[in-house]
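Chemist:
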């Protein structure tokens with residue numbers, strides 16, 4: 001057993017492909033634990049970014065710069081009284097948040113954090129992700145129905161209509177990227193890992209290939225994914241100024257936090273799809289511009305240096321903190337956190353660790369970029385009205401995405417086309 | 424109505440006509456409020472919905488009724504003055520101004536020029552603060568979170584001036600019958616002029632954030648249209664009336680408290696939709712700054728309060744005085760029987776009368792528009808219910 005455990009470390013495939021059950025379990029725990037930590041961090045990050053955009057400072061009290069605030073919130077939500085409306089459909093009410101969280105987490109099975117850092121690789125990876133993540137709407141509709149409240153019902157109806165409308169445009173954009181993979185040797189593929197490898201072979205991220213077709217496809221996908229995950233400015237299902245909290249109106253405590261978890265997890269899931277399809281997944285930036293072994297080495301130390309830099313920044317803020325007796329735990333905590341980050345950074349600079357960690361680092365950075373876009377859009381835009389939302393989905397995004405698919409196809413076969421014309 | 428299944432089964436509630444299934448009749452009654460994030464207090468709106476479309480709408484008010492008008496009959500003229508602050512609590516100074524002017528008209532007292540100018544300064548600052556609060560909440564209703572914080576940050580500048588002047592921030596009660604209670608504190612003019620410079624920049628900032636935003640324009644354009652005739656029919660006043668293109672402002676039409684000394688324009692809209700009302704209010708904020716600047720620069724010397732008796736006993740009679748409050752025409756109808764207490768106090772609250780147009784504006788629109796329309800009317804429930 002130990003032998004098979006160690007043997008896997010030298011292989012360069014995902015545990016699912018290797019058929020190594022032990023490592024599959026470890027990866028499942030790692031990915032799901034990592035995603036949960038990501039949601040917690042995202043909560044803090046969103047509140048902080050929003051706060052600074054809104055001329056305030058956000059959570060500051062629990063932990064240094066409010067770093068432990070999401071944990072305190074989660075604890076509060078868990079120990080809250082478990083309320084269920086008397087007129088609710090008990091079973092469906094219970095199952096709805098579970099359904100949302102389950103589907104959101106399931107889609108992470110095929111997300112490739114690196115060449116060998118995925119739970120498994122499927123030859124229908126993208127389809128699987130789109131399919132599973134859109135199952136989440138079932139949970140939303142169940143929640144709206146089971147709550148037995150008009151606000152919830154309207155919220156879930158909005159959500160259902162919205163998800164169906166934007167799914168079409170989203171899938172069309174995905175088709176465009178999948179068609180681009182067929183330009184590489186070995187032909188087209190739907191597997192998440194092979195899509196990234198195809199970008200590696202073609203020495204270009206699909207966002208920049210067939211310029212500007214790839215970029216437009218990515219933009220269409222980005223808009224559609226914001227709508228798909230019910231986030232501002234498309235957050236109609238939970239529009240707090242109209243429907244109080246939409247389908248979540250009757251939910252509180254732990255059940256509500258499950259919805260929260262599901263929402264942020266699915267945000268990360270669709271961001272991972274966008275990263276994989278258009279931003280080169282785990283590939284480092286500038287694969288063709290700055291190529292060569294030296295550049296590879298230079299980019300491979302970036303993760304470690306980033307962490308050391310973050311640790312240094314923590315120390316800098318620790319120095320700037322006022323030396324008050326009641327702030328002592330906070331400032332010492334920040335210093336310890338900085339030291340931890342810096343140590344982690346040094347660890348990441350070690351040769352064997354470096355080569356394994358850098359893929360994950362680039363992937364997460366790219367996902368973080370999309371997550372930042374989410375927060376940015378939320379603070380900037382007012383909310384769309386329902387008819388406008390539908391209009392954008394069907395009359396703007398869908399035609400654009402269909403045009404993108406056709407353009408991709410035409411450019412892809414342009415040599416054959418030219419040959420036909422000239423003959 | 425509960426079914427045996429233990430949960431609400433909507434099919435049982437609907438009256439199904441013969442030959443139709445329950446799918447054919449589908450009117451949904453949605454009760455918004457009195458506890459709702461965007462009804463600005465405790466307004467209750469009952470919506471009859473067909474999907475997202477609003478087929479009918481009914482307003483239920485009275486959840487904030489405190490009987491302030493009746494209280495007036497049991498207080499002396501002076502004692503009642505702080506109560507009027509609580510009508511429209513976002514613009515307490517303007518309420519107070521109207522009441523004081525009405526009692527002064529009963530007493531036939533002329534306020535000294537310096538007192539009048541101080542009143543104008545405070546009332547216009549209060550209009551600014553009220554419009555800032557409206558801006559933040561109205562934009563929040565339409566889904567933009569950020570402008571709220573900017574508006575509240577800037578409102579703080581004005582509230583700090585109030586606090587320095589009279590000690591209170593919200594319900595100031597800074598005016599007395601016959602003039603003002605306090606003279607300007609040292610350096611008040613300079614501070615106000617400085618605040619005006621800042622406010623101009625901040626209003627530009629709201630413009631950058633909101634006015635040009637495509638989604639904002641789509642959400643407000645052609646939403647809740649009121650024609651000029653509608654406004655006159657409903658007796659609507661204030662920015663809502665001006666948004667529909669009627670150039671009517673009591674500060675110009677029947678100047679009070681030295682408003683005739685100041686130069687300012689009355690902004691008007693053209694289509695009478697939510698966007699026009701937004702633009703009118705933003706422009707009004709700029710005009711208010713103009714007035715405040717002129718008043719602060721030209722603040723005359725002299726007494727701030729006229730000679731009024733200790734115990735105020737106006738001669739028997741009745742009077743109606745109206746002023747231009749941030750929400751519209753704020754009118755006071757006072758009846759005196761010659762005693763130290765009012766015989767009757769009747770208020771013409773702009774919010775209450777403007778709220779009538781809600782049904783006209785919201786019928787046939789979508790749920791999201793109802794919220795936008797409530798926001799654009801700029802109602803304060805303290806004034807609607809009294």
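Residue numbers (this note's numbering), protein chains in the order written: chain C, 1 to 423; chain H, 424 to 809. All C-beta atoms, glycine included, are put in the ideal place defined by N, C-alpha and C. None of these values were measured; they are calculated from a predicted model.
Helix, strand or coil: which one does DSSP assign to residue 473 of chain H?
Modeler: Numbered from its first residue, the second chain carries residue 473 of chain H at position 50. The answer is strand: DSSP assigns residue 473 of chain H an E or B state.
Chemist: Unbroken alpha helix (DSSP H) runs of length 4 or more, entirely within the stretch 302 to 369 of chain C: which are they?
Modeler: Counting only runs of 4 or more, we get 302 to 320 and 328 to 349.
Chemist: How many angstroms separate the CA atom of residue 735 of chain H from the CA atom of residue 462 of chain H?
Modeler: In the second chain, the residue the question calls residue 735 of chain H occupies position 312. In the second chain, the residue the question calls residue 462 of chain H occupies position 39. When rounded, the distance between both Cα atoms is 40 angstroms.
Chemist: Can you grab the Cα-Cα spacing for the pair residue 483 of chain H / residue 377 of chain C, in whole Å?
Modeler: The residue labelled residue 483 of chain H in the question sits at position 60 within the second chain. The residue labelled residue 377 of chain C in the question sits at position 377 within the first chain. Rounded to the nearest angstrom, the two C-alpha atoms are 36 angstroms apart.
Chemist: Can you tell me where the beta strand (DSSP E) holding residue 294 of chain C begins and where it ends?
Modeler: Translated into the one-based positions of the first chain, residue 294 of chain C becomes position 294. Note, residue 294 of chain C: premise wrong, no beta strand (DSSP E); alpha helix (DSSP H) at 293 to 300.
Chemist: What's the gap between the Cα of residue 98 of chain C and the Cα of residue 668 of chain H?
Modeler: What you label residue 98 of chain C is simply residue 98 of the first chain in a count that begins at 1. What you label residue 668 of chain H is simply residue 245 of the second chain in a count that begins at 1. If I take the Cα positions, the gap works out to 54 angstroms.
Chemist: Going by the beta-carbon positions, is the gap between residue 210 of chain C and residue 162 of chain C smaller than 8 angstroms?
Modeler: Position 210 of the first chain holds residue 210 of chain C. Position 162 of the first chain holds residue 162 of chain C. Their beta carbons are not under 8 angstroms apart, which means residue 210 of chain C does not touch residue 162 of chain C by this criterion.
Chemist: Rounded to whole angstroms, how far is the Cβ of residue 42 of chain C from the Cβ of residue 251 of chain C, which I believe are closer than 8 angstroms?
Modeler: Position 42 of the first chain, counted from the start, is the residue given in the question as residue 42 of chain C. Position 251 of the first chain, counted from the start, is the residue given in the question as residue 251 of chain C. Actually they do not touch by this definition, with Cβ atoms about 20 angstroms apart.
Chemist: Taking beta-carbon pairs under 8 angstroms, can you tell me which members of the stretch 370 to 392 of chain C lie near chain H?
Modeler: Against chain H - using a Cβ distance shorter than 8 angstroms - the residues of the stretch 370 to 392 of chain C are 378, 379, 380, 381, 382, 383, 384, 385, 386, 387 and 388.
Chemist: Residue ranges of each alpha helix (DSSP H) run of no fewer than 4 residues wholly in the stretch 450 to 495 of chain H, ordered along the chain?
Modeler: Counting only runs of 4 or more, we get 491 to 494.
Chemist: Report buried or exposed for residue 562 of chain H, applying the criterion of at least 16 other Cβ atoms within 10 angstroms of its Cβ.
Modeler: As a position in the second chain, residue 562 of chain H is number 139, starting the count at 1. With 16 or more other Cβ atoms within 10 Å, it is buried.
Chemist: State the Cα-Cα distance for the pair residue 780 of chain H and residue 797 of chain H, rounded to the nearest angstrom.
Modeler: Here residue 780 of chain H refers to the residue found at position 357 of the second chain. Here residue 797 of chain H refers to the residue found at position 374 of the second chain. Their backbone Cα atoms lie some 10 angstroms apart in a straight line.
Chemist: Under a Cβ-count criterion, where at least 16 other Cβ atoms within 10 Å of its own Cβ denotes burial, should residue 749 of chain H be classed as buried or exposed?
Modeler: Along the second chain, read from residue 1 onward, the residue named residue 749 of chain H stands at position 326. Its Cβ being crowded by 16 or more others within 10 Å, residue 749 of chain H is buried.
Chemist: Using a Cβ-Cβ distance under 8 angstroms, would residue 792 of chain H count as near chain C?
Modeler: Looking up residue 792 of chain H in the second chain gives position 369. It does: the Cβ of residue 792 of chain H has a partner Cβ on chain C nearer than 8 angstroms.
Chemist: Step through the CB atoms of chain H and report whether any lies within less than 8 angstroms of the CB of residue 15 of chain C.
Modeler: To locate residue 15 of chain C, count along the first chain from 1; it is residue 15. No, residue 15 of chain C does not count as interfacial toward chain H.
Chemist: How would you call residue 791 of chain H, buried or exposed, if buried means at least 16 neighbouring beta carbons within 10 angstroms?
Modeler: Working through the second chain from its first residue, we reach residue 791 of chain H at position 368. Classification of residue 791 of chain H: buried, given that the 10 Å Cβ count is 16 or more.
Chemist: Would you call residue 203 of chain C buried or exposed, if buried means 16 or more other Cβ atoms sit within 10 Å of its Cβ?
Modeler: Within the first chain, residue 203 of chain C is the residue found at index 203, counting from 1. Classification of residue 203 of chain C: exposed, given that the 10 Å Cβ count is below 16.
Chemist: Against chain C, which members of the stretch 490 to 511 of chain H pass a CB distance test of less than 8 angstroms?
Modeler: Within the stretch 490 to 511 of chain H, no residue has a Cβ that lies closer than 8 angstroms to any Cβ of chain C.
Chemist: Alpha carbon to alpha carbon, how far is residue 23 of chain C from residue 358 of chain C?
Modeler: By 1-based counting over the first chain, the position of residue 23 of chain C is 23. By 1-based counting over the first chain, the position of residue 358 of chain C is 358. Each residue's Cα considered, the two are about 20 angstroms apart.
Chemist: Could you tell me the distance, in whole angstroms, from the CA atom of residue 554 of chain H to the CA atom of residue 511 of chain H?
Modeler: As a working mapping, residue 554 of chain H is identified with position 131 in the second chain. As a working mapping, residue 511 of chain H is identified with position 88 in the second chain. Between residue 554 of chain H and residue 511 of chain H, the C-alpha separation is close to 12 angstroms.
Chemist: What did DSSP end up calling residue 84 of chain C once you bin it into helix, strand or coil?
Modeler: On the first chain, position 84 is the one that residue 84 of chain C refers to. Coil, per DSSP.
Chemist: Taking C-alpha atoms, which residue in C:129, C:65 and C:183 lies nearest to residue 167 of chain C?
Modeler: Stepping through the first chain from its first residue, residue 167 of chain C is reached at position 167. Among C:129, C:65 and C:183, the Cα nearest to that of residue 167 of chain C belongs to C:129.
Chemist: At a Cβ threshold of 8 angstroms, is residue 456 of chain H touching chain C?
Modeler: As a working mapping, residue 456 of chain H is identified with position 33 in the second chain. Not one chain C Cβ lies under 8 angstroms of residue 456 of chain H.
Chemist: Within 10 Å of its beta-carbon, does residue 257 of chain C have 16 or more other beta-carbons around it, so buried, or fewer, so exposed?
Modeler: Within the first chain, the letter at position 257 stands for residue 257 of chain C. Result: buried.
Chemist: For residue 233 of chain C, return the contacting residues in chain H, with the cut-off set at a CB-CB distance below 8 angstroms.
Modeler: Numbered from 1 along the first chain, position 233 holds the residue referred to as residue 233 of chain C. Going along chain H in sequence order, the residues near residue 233 of chain C (Cβ under 8 angstroms) are 566 and 638.
Chemist: Excluding the 5 residues flanking residue 570 of chain H on each side, which residues of the same chain have their C-beta closer than 8 angstroms to its C-beta?
Modeler: Locating residue 570 of chain H in the second chain gives position 147, where the first residue counts as 1. Closer than 8 angstroms at the Cβ level, and outside the excluded window around residue 570 of chain H, lie 558, 559, 562, 563, 629, 632 and 633.
Chemist: Less than 8 angstroms between CB atoms is the rule here; does residue 704 of chain H satisfy it with respect to chain C?
Modeler: Mapped onto the second chain, residue 704 of chain H falls at position 281. Output row for residue 704 of chain H: interface = no.
Chemist: Around the Cβ of residue 441 of chain C, are there at least 16 other Cβ atoms within 10 angstroms (buried) or fewer (exposed)?
Modeler: Here chain C has residues from 1 to 423 only, and residue 441 of chain C is not among them.
Chemist: Residue 475 of chain H touches chain C at which residues, Cβ-Cβ below 7 angstroms?
Modeler: Sequence index remark: in the second chain, residue 475 of chain H carries index 52 (1-based). Residues of chain C passing the Cβ test: 386.
Chemist: Are residue 795 of chain H and residue 565 of chain H closer than 8 angstroms when you measure CB to CB?
Modeler: Stepping through the second chain from its first residue, residue 795 of chain H is reached at position 372. Stepping through the second chain from its first residue, residue 565 of chain H is reached at position 142. Yes, Cβ-Cβ distance for residue 795 of chain H and residue 565 of chain H is below 8 angstroms.
Chemist: Where residue 308 of chain C and residue 324 of chain C are concerned, what is the direct C-alpha to C-alpha distance, given to the nearest angstrom?
Modeler: As a working note, residue 308 of chain C is residue 308 in the first chain. As a working note, residue 324 of chain C is residue 324 in the first chain. The alpha-carbon atoms of residue 308 of chain C and residue 324 of chain C are separated by roughly 27 angstroms.
Chemist: Measure from the alpha carbon of residue 679 of chain H to the alpha carbon of each residue in H:572, H:525, H:465 and H:489, then state which is nearest.
Modeler: What you label residue 679 of chain H is simply residue 256 of the second chain in a count that begins at 1. Nearest of H:572, H:525, H:465 and H:489 to residue 679 of chain H, Cα basis: H:525.
Chemist: CB residue 430 of chain C to CB residue 118 of chain C, shorter than 8 angstroms?
Modeler: The structure shown does not extend to residue 430 of chain C, since chain C spans only 1 to 423, so no value can be given for it.
Chemist: Residues of the stretch 532 to 566 of chain H with a CB closer than 9 angstroms to any CB of chain C: list them in chain order, please.
Modeler: From the stretch 532 to 566 of chain H, only 562, 563, 564, 565 and 566 have a Cβ closer than 9 angstroms to chain C.
Chemist: CB residue 229 of chain C to CB residue 147 of chain C, shorter than 8 angstroms?
Modeler: Mapped onto the first chain, residue 229 of chain C falls at position 229. Mapped onto the first chain, residue 147 of chain C falls at position 147. No; because the gap between Cβ atoms is not below 8 angstroms, this pair is not in contact.
Chemist: Please report the straight-line C-alpha distance between residue 64 of chain C and residue 315 of chain C, rounded to a whole angstrom.
Modeler: Position 64 of the first chain, counted from the start, is the residue given in the question as residue 64 of chain C. Position 315 of the first chain, counted from the start, is the residue given in the question as residue 315 of chain C. So the alpha carbons of these two residues sit roughly 12 angstroms apart.
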